[in-house]
Amino acid sequence: MGVPVNSGSAAGHESLESMSLEPLMTRDYERDPAIVYERLRQAHGPVAPVDLLGVPVWLVLGYEEAYEVLRDDHAWPKGLENWRARREGRLPEDWPLAPSLDVNHVLIQGGEGYRELKVAWDTALRPFQDPRHPVAKRLKAQITRDADELISLFTQGGSTGWADLSAQFSRPLPLMVASHLLGFPGSQHDDALMDMWRVLDAGPDAGPALERLLATLSELGAWKMKEPGDDFPSYLLASHPGLSVEELSRELMMLLGMTSDHVGILISNTVVEVITGNLPASASLSAGLIRETMNRVVMQKPPLINFVPRFPSKDMKLGNHTIAAGDPVWVSVGAAHADPTFAGKVCPESTISTRAHLSWGAGPRQCPARELAGGAAAIGVSRLFERLSGLELSLPVDQLPWRSSPFMRGLRSLPVRYTVSGTPALPVPPVPPLPAAAGSAPADEAAGRPRSSLWRYLAGLVRGR
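So the sequence shown is numbered by the working numbering: it starts at 476 and just counts up by one.
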């Protein structure tokens, strides 16, 4: 538990910067983070000092300690202005995580301004997360249609075949969902989806892609200020009219990035657990309890494996260490779920999963889009298993390639062999229309939507097989 200690007492303990630090992002971590977490737990207990790409940080490994930090936003606030080393100019100028953390959106922001922004987010997301709302019903129909179109695309070669479910389904589907949420007019700015993919992959073209993406989202934000519609940016502006175009673009990028990557990894991980014979997960899915299946999966393989940093407002005792005020504290969800004091209490045989996982956070800073993200993933998983039978991995499960970052962990690819079942694509009726904003481009559903760069890329994967 986090316990305040007398002011200045941290000076009587070894400082974080002076400790012997084990690098976190190693080949062991890339292959299996659990190995690294357990080694750190054995050496340091529930909180460990580590080197995160050249910067010393505290990594919270224990479930109780993680929950304590997450639930107490006053004692363990977010906000980079609280980072002592950053204020003192001691962070490397070329630190790889600086660009992503410097984008001061709702996920990272601290201080009084955060509360107003969080209320605006909750209000803007409410129509999409209320199943009775017309906007939520429309979005559900759009997600179902998109999922069926993606499945039809990669299975068009016949009733059996091979596909990379990550590249051809799990990753593109949430990007398409996010596009609906953002309310792009017509087919305008479709290239933003591909740029978001490039940013998430953090490849050599990520920098230019990020610049293009922010420019595109700024254009979209400026458009929504003039012509609001039934979409997330318009609802956010209505709830928080003081947002500038630049501030709005940062919030939209957070929604696009977090929703797409988190949902995509959740879909892939759920598929792997079911088709590799995880009996409780399979039983939950067979019983129609898709959300229970996903709750099980995030216990074992949470997509967001480490949260963004927090900084104690006072010197605090946590685990076996005293954390000095302003030290960066990274909560590791993956390690907390594997903590023997917590994992030993979870019943593995039950079809009903525990709700005690921390994958969406805890306390006042829980992910505001958790219901939306979970619902989108559930639709994707259900359509896959309803339309495809005999799914098998094309590689042994221990040879599946993973991509790990300081925040996310997901599969680079998910190669499978499939058989199309007798269940056809749903005869999805036309998506219920919503009043269009004045001057917005018509969707032209009946004539067929213009295909984006993302769709052309996916079609190219099928042709190139």
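Glycine residues also receive a C-beta, built at the ideal position from the N, C-alpha and C atoms.
Going by C-alpha to C-alpha distance, which of the options sits closest to residue i?
| i | options | result |
| --- | --- | --- |
| Ile740 | Leu582, Val525, Glu543, Arg878 | Arg878 |
| Asp621 | Gly849, Asn579, Ala653 | Ala653 |
| Arg887 | Ala851, Leu870, Ala853 | Leu870 |
| Glu543 | Val804, Glu505, Ala573 | Val804 |
| Glu840 | Lys553, Ala523, Leu793 | Reading off the sequence shown, one finds Arg at residue 840, where the question assumed Glu. Considering only alpha carbons, the answer is Lys553. |
| Pro531 | Gly704, Phe882, Asp802, Pro787 | Asp802 |
| Ala667 | Trp930, Ala934, Leu936 | Trp930 |
| Ser735 | Ser788, Pro787, Met669 | Met669 |
| Phe644 | Phe629, Ala690, Asn795 | Phe629 |
| Thr745 | Lys699, Pro716, Ala853 | Ala853 |
| Ala844 | Asp623, Trp672, Val738, Pro508 | Val738 |
| Asp527 | Ala690, Phe659, Tyr504 | Checking the sequence, you will find Leu at residue 527 rather than Asp. Nearest C-alpha to Leu527: Tyr504. |
| Ser864 | Asn579, Ser634, Trp596 | Ser634 |
Let's see if you can read the secondary structure: which residues bound the alpha helix (DSSP H) around residue i?
| i | result |
| --- | --- |
| Ala573 | 573-577 |
| Leu515 | 508-519 |
| Phe817 | 815-818 |
| Gln775 | 765-775 |
| Leu545 | 538-546 |
| Arg559 | 559-562 |
Can you give the beta carbon distance from residue i to residue j, rounded, assuming they're within the 8 Å contact cut?
| i | j | result |
| --- | --- | --- |
| Ile765 | Val856 | 6 Å |
| Asp814 | Gly537 | 5 Å |
| Leu711 | Ala599 | 4 Å |
| Val747 | Val872 | 7 Å |
| Gln604 | Leu779 | 19 Å between Cβ atoms; not a contact. |
| Ala800 | Lys792 | At roughly 12 Å, the Cβ-Cβ gap does not stay under 8 Å, so Ala800 and Lys792 are not in contact. |
| Phe782 | Asn557 | The pair is not a contact, with the Cβ atoms about 15 Å apart (cut-off 8 Å). |
| Ala523 | Tyr893 | About 42 Å separates the two Cβ atoms, so there is no contact after all. |
| Ala642 | Leu866 | That pair is no contact at about 16 Å. |
Helix, strand or coil, according to DSSP, for residue i in the structure here?
| i | result |
| --- | --- |
| Trp835 | coil |
| Ser869 | coil |
| Gly885 | strand |
| Leu718 | coil |
| Glu591 | helix |
| Thr635 | strand |
| Val652 | helix |
| Ala799 | coil |
| Pro679 | coil |
| Glu568 | coil |
| Pro910 | At Pro910, the pLDDT of 46 sits below 50, so the modelled position is not reliable and the matter cannot be decided from this model. |
| Val581 | coil |
| Thr894 | strand |
| Lys615 | helix |
| Glu824 | Note that Glu824 scores 49 on pLDDT, short of 50, meaning its location in the model is unreliable; the coordinates nonetheless yield the value given after this. The answer is coil: DSSP assigns Glu824 none of H, G, I, E or B. |
| Phe786 | coil |
| Phe644 | helix |
| Gly752 | coil |
| Gln604 | helix |
| Gly935 | helix |
| Thr691 | helix |
| Pro949 | Residue 949 lies beyond the residue range present for the chain, which begins at 476 and ends at 940; the question has no answer from this structure. |
| Thr630 | coil |
| Glu492 | helix |
| His549 | coil |
| Lys713 | Note on identity: in this sequence residue 713 is Ala, with Lys being the wrong assignment. Helix at Ala713. |
| Phe659 | coil |
| Pro708 | helix |
| Pro554 | Inspection of the sequence shows that residue 554 is occupied by Gly rather than by Pro. Coil, per DSSP. |
In the DSSP output, which residue or residues are listed as bridge partners for residue i?
| i | result |
| --- | --- |
| Lys701 | Answer is none; Lys701 lacks a bridge partner. |
| Asn781 | Ser807 |
| Thr498 | Residue 498 is actually Pro in this sequence, not Thr. DSSP output for Pro498 lists Asp526 as bridge partner(s). |
| Trp877 | Leu886 |
| Ser864 | Thr894 |
Can you give me the start and stop residues for the beta strand (DSSP E) that residue i sits inside?
| i | result |
| --- | --- |
| Val535 | 530-535 |
| Ala523 | 522-527 |
Quick check: is the beta carbon of residue i nearer than 8 Å to any beta carbon in chain C?
| i | result |
| --- | --- |
| Ala638 | Any reference to chain C falls outside this structure, which holds one protein chain only. |
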